[in-house]
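Notes for the one structure printed next.
Numbering (UniProt numbering), first residue to last: 1 to 262.
Now the structure itself:
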């Protein structure tokens, strides 16, 4: 990972889409700092299409799509995209491989196995507004469990046939052939009509559930708190911000815009 200040001018000037994780990428200790939200508005006002790509719930996505300066928001690790159409009507684009309604029984069984198998873990508080996935909290609220505990949760989910990813706060589990990357590409192609966008995307993230995006897109950046995950990831971002969380995101956007305009 190179410092974000080393991004090339050609890379910066090719970017049209700014994609970003939310928790611990835009946020710091669970809060959205003013400088991070201001950076989103700077990008919006400069003509970039901003798309958060998150493991957060459909309920969160509804609010974000309506109230944040974004083009769309990918939610539940790629199950859905919420966006406003040209008439400002909320639209929901669902991945074709999302599981059938009986998935809730399967996810309930996965949840019980995780709660039995890893003492101290619990269902995430936003589970009530999730439609397609299960979120097991290991670090959003106390007690804070270790990354080894998170990996144990992930292994339990996968042993029961679910797909699972570790974020900085949750382990997300689902049934369906999708992830953050595949849904992002599908939305860009089928809804926005993009055909050649590989070098038009700058993605920001902070944890292993962002790894498909880091592996695929050439221009990516991690906030500084990605470093503890580095030895657990095969694919790291090309660049890294000088600071953690939302302050790191804001600093990286400053650097990106400065390079682009220089």
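No residue lacks a Cβ here, since even glycine has one placed at the ideal position from N, Cα and C.
Residue nearest to residue i in terms of C-alpha spacing, selected from the options
i, options, result
"residue 261", "11, 3, 1, 2", "11"
"residue 36", "22, 48, 177", "22"
"residue 160", "109, 143, 38", "109"
"residue 121", "129, 138, 134, 127", "138"
"residue 207", "6, 24, 5", "24"
"residue 142", "244, 29, 257", "29"
"residue 97", "40, 50, 133, 85", "133"
"residue 196", "209, 204, 180, 217", "217"
"residue 16", "231, 194, 244, 250", "194"
Nearest-angstrom Cβ-Cβ length linking residue i and residue j, presumed shorter than 8 Å
i, j, result
"residue 81", "residue 229", "So it is not a contact: roughly 26 Å between Cβ atoms."
"residue 246", "residue 63", "Not really, about 18 Å apart at Cβ, beyond 8 Å."
"residue 34", "residue 51", "About 21 Å; that fails the 8 Å criterion."
"residue 171", "residue 154", "5 Å"
"residue 249", "residue 20", "7 Å"
Unbroken beta strand (DSSP E) run spanning residue i, endpoints
i, result
"residue 91", "90-94"
"residue 55", "Run containing residue 55: none; DSSP gives neither H nor E here."
"residue 267", "Outside the shown range of the chain (1 to 262) lies residue 267, about which nothing can therefore be said."
"residue 136", "133-137"
"residue 84", "80-84"
"residue 163", "163-166"
Where the alpha helix (DSSP H) through residue i begins and ends
i, result
"residue 257", "245-261"
"residue 63", "58-67"
"residue 106", "103-117"
"residue 186", "180-190"
"residue 150", "147-159"
Inter-stretch contact (C-beta, 8 Å, three-pair minimum) for the segment 213-224 and the segment 112-119: no
Stretch-stretch touch, CB-based, cutoff 8 Å, three pairs: the segment 170-177 with the segment 64-79: yes
Uninterrupted alpha helix (DSSP H) stretches inside the segment 14-52 (no shorter than 4 residues): 34-45
Three-pair Cβ contact test at 8 Å for the segment 59-71 versus the segment 145-152: no
Three CB pairs or more closer than 8 Å across the segment 234-253 and the segment 208-222: yes
The segment 87-96 touching the segment 162-169, judged by at least three CB pairs closer than 8 Å: no
Alpha helix (DSSP H) runs contained entirely in the segment 205-239, provided each spans 4 or more residues: 211-216
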